[in-house]
Every structure is written in structure tokens, then in C-alpha cells.
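Colleague: No gaps in the numbering here: position 99 of the sequence shown is 243 in the numbering used here, and each next residue is one more. Where a beta carbon is used, it is the ideal one built from N, C-alpha and C, also for glycine.
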Amino acid sequence: MSFKTFLEFVRIEVKTASVLPLILGIVYCWYVNGQLNPVTTVVYFVAQFSIALFVTGFNNVMDYYKAVDLDYRAQTNIIGRKHLSPTKALHLMLYFLLFSMAAGIWLVWQTNILLLLIGGACIFVAVFYTFGPVPLSRMPVGELLSGVTESFGAFFIMVYVNVPSDSIMALHFDWPTFTLKGQLPTLLSLCLIGVIIAIPTSNIMLADNVCDLDQDRRNERYTLPHYLGTTWALRLYNTLIWFSLVAVVVAVITKVLPIESLLLLLLIPVILRNNRRFNTRQLKDVTFITAIQNAMAINISLIVSLLLAIVRTTWWR
Numbered sequence: 145m146s147f148k149t150f151l152e153f154v155r156i157e158v159k160t161a162s163v164l165p166l167i168l169g170i171v172y173c174w175y176v177n178g179q180l181n182p183v184t185t186v187v188y189f190v191a192q193f194s195i196a197l198f199v200t201g202f203n204n205v206m207d208y209y210k211a212v213d214l215d216y217r218a219q220t221n222i223i224g225r226k227h228l229s230p231t232k233a234l235h236l237m238l239y240f241l242l243f244s245m246a247a248g249i250w251l252v253w254q255t256n257i258l259l260l261l262i263g264g265a266c267i268f269v270a271v272f273y274t275f276g277p278v279p280l281s282r283m284p285v286g287e288l289l290s291g292v293t294e295s296f297g298a299f300f301i302m303v304y305v306n307v308p309s310d311s312i313m314a315l316h317f318d319w320p321t322f323t324l325k326g327q328l329p330t331l332l333s334l335c336l337i338g339v340i341i342a343i344p345t346s347n348i349m350l351a352d353n354v355c356d357l358d359q360d361r362r363n364e365r366y367t368l369p370h371y372l373g374t375t376w377a378l379r380l381y382n383t384l385i386w387f388s389l390v391a392v393v394v395a396v397i398t399k400v401l402p403i404e405s406l407l408l409l410l411l412i413p414v415i416l417r418n419n420r421r422f423n424t425r426q427l428k429d430v431t432f433i434t435a436i437q438n439a440m441a442i443n444i445s446l447i448v449s450l451l452l453a454i455v456r457t458t459w460w461r
């Protein structure tokens with residue numbers, strides 16, 4: 145597999161968007177605490193990016209094996225189209241998975257056993273999204289899971305590995321008892337930011353499934369658009385994105401985010417234009433990119449707003 149084919153195999157254009165929640169977590173930690181743990185930050189960044197590569201590559205392998213439509217298997221799926229070895233491709237993806245799991249165990253040792261449960265849940269979704277007798281991707285839950293794990297989960301864990309565990313949530317054992325200790329205001333603040341970034345990521349998956357609706361049906365893959373129909377799926381797609389901006393306003397009012405974050409409201413014309421393009425034509429190679437653009441615009445703008453707030457607070461000191 146050439147490097148160019150590998151980039152196509154893991155859909156690197158989508159992985160670019162998956163890096164942004166990690167960067168957001170780093171900037172948010174600096175905004176709130178004024179410091180970072182460079183070692184845990186780098187280890188988790190690489191581990192999360194590795195698991196993101198694994199998810200897409202593993203999905204391609206599983207979709208190839210489970211394909212009912214032979215034309216899709218031979219002409220559309222990259223393994224058939226590029227005449228790749230599915231076995232070698234699978235082994236390569238498993239290396240990424242094993243590395244991520246090893247790094248995750250080290251991070252658990254550095255933080256708290258609770259991270260094992262959180263990370264384990266994310267790994268479970270990553271593996272069984274397309275694996276098993278009833279993969280999660282063949283049910284109408286893919287959009288929700290992608291937003292929760294790929295965006296909020298990545299952001300949350302990045303924050304978690306940079307602060308004392310007890311300042312967010314920690315699990316402690318003292319045989320035969322255990323205690324779960326957490327800070328509810330901090331958890332609610334992180335969840336509110338999670339809403340802002342998870343919805344655009346869920347919309348990427350929703351747009352992807354709308355574009356692939358006919359193909360998915362031929363392969364007996366029944367995603368959310370199958371049950372909603374294209375019209376209602378598009379209505380959901382158009383509506384969800386605005387909840388991100390509403391959450392931004394709520395976060396600023398409650399002082400979870402700085403006043404600079406209201407700059408995200410300037411994205412309204414961009415989102416409207418992108419949604420109109422996607423509503424007109426739902427084509428993977430033409431308009432699907434607009435969903436990625438919306439997600440990247442929201443994440444990048446949120447990161448920039450936090451950086452501006454850091455500069456402002458530093459200047460006024």
C-alpha cells in the first residue's frame with residue numbers, strides 16, 4: 145500500500161477534523177489552568193489520532209468483508225478498487241489499535257482507574273462500530289456515537305490527562321468499598337462544550353450516511369437516514385447545527401466560555417451557505433465536504449476565541 149493510497153484508505157481529509165477536539169482540549173486547559181502536562185498531552189494526542197486512523201481503516205475492511213453489493217465491493221470500496229490485501233490492511237489497522245491501547249494503559253497509570261472505563265467505552269465503540277454480527281454502523285446510532293466519542297470523548301480525555309483527576313471525576317478503591325468523586329460544575333461545563341463540538345461531528349456522519357443511503361441499503365446497512373428518509377434526514381441535519389451555536393451563547397452567559405466565543409455567531413452565513421449546497425445535492429465527492437467545513441469552522445473558531453481570551457487576560461495582568 146503506497147502512502148498516497150494509505151491516506152485515502154484512512155480518509156485523511158476527515159481525520160483532519162478529528163484532530164481539532166484534541167487541540168481544543170489543550171487550549172481549554174491552558175485557558176482554565178494556565179498549564180499543561182506535556183508528556184501526557186503528547187502521548188494522548190498520538191494515541192487518539194492512531195485510534196482515529198484505525199476506525200476508518202477498520203471500517204473499510206469490515207465493509208469490504210460484509211458487502212452484499214458485489215459492485216460496491218469491487219468498484220467503490222477502496223480495498224477492491226485499489227486491489228489491496230484485506231488481510232494486510234487489517235493487520236496494519238490492528239497495529240494502530242494495539243498502540244493506542246498500550247498508550248491508554250500508561251495514561252490510566254498516570255491519572256485514575258476511571259480513565260480505563262472511559263477509554264474502554266470509546267475503544268468498544270471503535271471496534272464494534274463495524275465488527276460483530278450486528279455492527280453499530282448498521283443501526284441508527286452511528287451519528288450519536290461518532291459525536292460523543294470522536295469529539296466530546298477526545299476533548300474530555302485531553303482535559304482529563306492534564307488536570308488532577310479529583311478536579312473532574314475519579315474512582316477510588318479501598319477494599320471492600322469504592323467511591324466515585326467528582327466536581328459537578330466542572331463536569332457540566334465540559335459537557336456544555338461537548339455539545340458545541342459533538343453536534344457538528346454527528347452531522348458529518350449524518351451527511352455521510354445521506355450520501356450513501358442507496359448504497360447502504362443495497363448492503364443491508366440501515367442507518368438513521370434509512371428510517372427517516374432523505375427529506376427528514378436533511379431537516380435534522382439543518383436543525384442540529386444551530387444547537388451548537390445556542391450552546392455557545394449559553395456557555396458564554398454561564399461563563400464557561402469567554403465573551404470572545406460569541407465570535408462563533410459570525411459563522412451563521414457560512415453555515416447557511418454550506419447547508420444550502422448540501423440540501424441541493426447530496427453527493428460524496430461534491431457537497432459532503434460542506435459538513436466537514438462546518439465542523440472545522442466551529443472547532444477552529446472556538447479554539448481561536450480561547451486563544452484571544454488567553455491573550456486578553458495575559459495582557460491585562
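1. Please say whether glutamine 426 and valine 354 have beta carbons closer to each other than 8 Å?
2. Are the CB atoms of histidine 370 and aspartate 85 within a distance shorter than 8 Å?
3. CB of phenylalanine 202 to nearest heavy atom of the ligand FAD: below 7 Å?
4. Count the other C-beta atoms from every protein chain shown that fall within 10 angstroms of the C-beta of glycine 178, then say buried if there are 16 or more, exposed otherwise.
5. Just checking my contact of arginine 379 with serine 281 at CB under 8 Å: how many whole Å lie between their CB atoms?
6. Pull up the DSSP beta-bridge partners for glycine 326, would you.
7. Please decide whether leucine 451 counts as near chain D, where near means a Cβ-Cβ distance under 8 Å.
8. Hey, is the stretch 226-234 in contact with the stretch 266-277, meaning 3+ C-beta pairs nearer than 8 Å?
9. Just curious, the alpha helix (DSSP H) that aspartate 180 is in, first and last residue?
10. So what's threonine 345 in DSSP terms, helix, strand or just coil?
11. For the stretch 239-254 and the stretch 175-195, state whether three or more C-beta atom pairs, one from each stretch, are separated by less than 8 Å.
12. Is the Cβ-Cβ distance between tryptophan 253 and valine 187 less than 8 Å?
13. Going by DSSP in three states, threonine 321 sits in which element: helix, strand or coil?
14. To which residues of the same chain is valine 400 closer than 6 Å at the C-beta, ignoring the five residues directly before and after it?
15. Taking 8 Å as the threshold (C-beta atoms), are leucine 258 and alanine 314 in contact?
16. In or out: aspartate 352 buried (at least 16 other Cβ within 10 Å) or exposed?
17. Whole-angstrom Cβ separation of lysine 185 and valine 305, contact assumed at under 8 Å?
18. Would you call glutamine 470 buried or exposed, if buried means 16 or more other Cβ atoms sit within 10 Å of its Cβ?
19. Give a yes or no on whether the C-beta atoms belonging to isoleucine 348 and isoleucine 442 are separated by under 8 Å.
20. If we ignore side chains and look at the alpha-carbon of each, how far apart do isoleucine 403 and valine 176 end up?
21. Out of curiosity, what's the CA-to-CA distance linking threonine 200 and valine 154?
22. With a 10 Å radius around its C-beta and 16 neighbouring C-beta atoms as the bar for buried, classify threonine 398 as buried or exposed.
23. From the DSSP output, in three-state form, read off methionine 237 for me.
24. With a threshold of 16 other CB atoms inside 10 Å of the CB of threonine 255, please say whether the residue is buried or exposed.
25. Within the continuous alpha helix (DSSP H) that includes leucine 151, where are the two ends?
26. What residue does the alpha helix (DSSP H) around histidine 370 start on, and which one ends it?
27. Could you tell me if leucine 416 is buried or exposed, where buried requires 16 or more neighbouring beta carbons within 10 angstroms of its beta carbon?
28. Among Thr323, Thr330, Pro308 and Pro344, which has the Cα closest to the Cα of threonine 293?
Modeller: Let's see:
1. For the purposes of this step, residue 354 is taken as the residue at position 210 of the sequence shown. For the purposes of this step, residue 426 is taken as the residue at position 282 of the sequence shown. Contact flag set, yes.
2. Residue 85 falls outside the range modelled here, since the chain spans only 145 to 461, and no answer is possible.
3. With respect to small molecules bound, the structure shown includes none, and the ligand FAD cannot be examined in it.
4. Within the sequence shown, residue 178 is the residue found at index 34, counting from 1. Glycine 178 is exposed by the Cβ-count criterion.
5. Working through the sequence shown from its first residue, we reach residue 379 at position 235. Working through the sequence shown from its first residue, we reach residue 281 at position 137. At roughly 22 Å, the Cβ-Cβ gap does not stay under 8 Å, so arginine 379 and serine 281 are not in contact.
6. Your numbering for residue 326 matches position 182 in the sequence shown. Note: glycine 326 is bridge-paired with Met313 in the DSSP secondary-structure output.
7. Given the protein chain composition of this structure (a single chain), no chain D is represented.
8. Look at the beta carbons and you see the stretch 226-234 not touching the stretch 266-277: under three pairs across the two are nearer than 8 Å.
9. Counting from one through the sequence shown, the residue named residue 180 turns up at place 36. A quick correction: the sequence has leucine, not aspartate, at residue 180. Run containing leucine 180: none; DSSP gives neither H nor E here.
10. The sequence position of residue 345 within the sequence shown is 201, counting from 1. In the structure shown, threonine 345 sits in a helix (DSSP, three-state: H, G or I).
11. Under the Cβ criterion (8 Å, minimum of three pairs), the stretch 239-254 counts as touching the stretch 175-195.
12. The residue you call residue 253 lines up with position 109 of the sequence shown. The residue you call residue 187 lines up with position 43 of the sequence shown. No, the Cβ-Cβ distance between tryptophan 253 and valine 187 is not below 8 Å.
13. Here the question's residue 321 lines up with position 177 in the sequence shown. The answer is strand: DSSP assigns threonine 321 an E or B state.
14. On the sequence shown, residue 400 is found 256 positions in, with the first residue counted as 1. Cβ neighbours of valine 400 beyond the five flanking positions: Ser333 and Leu336.
15. For this step, residue 314 is matched to residue 170 along the sequence shown. For this step, residue 258 is matched to residue 114 along the sequence shown. In this structure, leucine 258 lies closer than 8 Å to alanine 314 by Cβ.
16. The residue you call residue 352 lines up with position 208 of the sequence shown. Burial of aspartate 352 is indicated by the presence of at least 16 other C-beta atoms within 10 angstroms of its C-beta.
17. In the sequence shown, the residue the question calls residue 185 occupies position 41. In the sequence shown, the residue the question calls residue 305 occupies position 161. The displayed chain sequence assigns threonine, not lysine, to residue 185. Confirmed, about 7 Å.
18. Since the first residue shown for the chain is 145 and the last is 461, residue 470 is missing from the structure and cannot be characterised.
19. Position 204 of the sequence shown holds residue 348. Position 298 of the sequence shown holds residue 442. Cβ atoms of isoleucine 348 and isoleucine 442: not closer than 8 Å.
20. As a working mapping, residue 403 is identified with position 259 in the sequence shown. As a working mapping, residue 176 is identified with position 32 in the sequence shown. Their backbone Cα atoms lie some 14 Å apart in a straight line.
21. Indexing the sequence shown from 1 puts residue 200 at position 56. Indexing the sequence shown from 1 puts residue 154 at position 10. Rounded to whole angstroms, threonine 200 to valine 154 spans 5 Å at the Cα level.
22. As a working mapping, residue 398 is identified with position 254 in the sequence shown. With fewer than 16 neighbouring CB atoms inside 10 Å of its own CB, threonine 398 falls in the exposed class.
23. Position 93 of the sequence shown holds residue 237. Judged by DSSP in its simplified three-state form, methionine 237 adopts helix.
24. Residue numbering aside, residue 255 sits at position 111 when the sequence shown is read from its first letter. By the 10 Å Cβ count, threonine 255 comes out buried.
25. Residue mapping note: residue 151 aligns to position 7 of the sequence shown, counting from 1. Unbroken alpha helix (DSSP H) run through leucine 151: 147-153.
26. Against the sequence shown, residue 370 aligns to sequence position 226. It spans 368-397 - the alpha helix (DSSP H) in which histidine 370 sits, taken as one unbroken run.
27. Position 272 of the sequence shown, counted from the first residue, corresponds to residue 416. By the neighbour-count criterion, in which a residue is buried when 16 or more other Cβ atoms sit within 10 angstroms of its Cβ, leucine 416 is exposed.
28. Taking the first residue of the sequence shown as position 1, residue 293 is located at position 149. Taking only the C-alpha atoms, the option nearest threonine 293 is Pro344.
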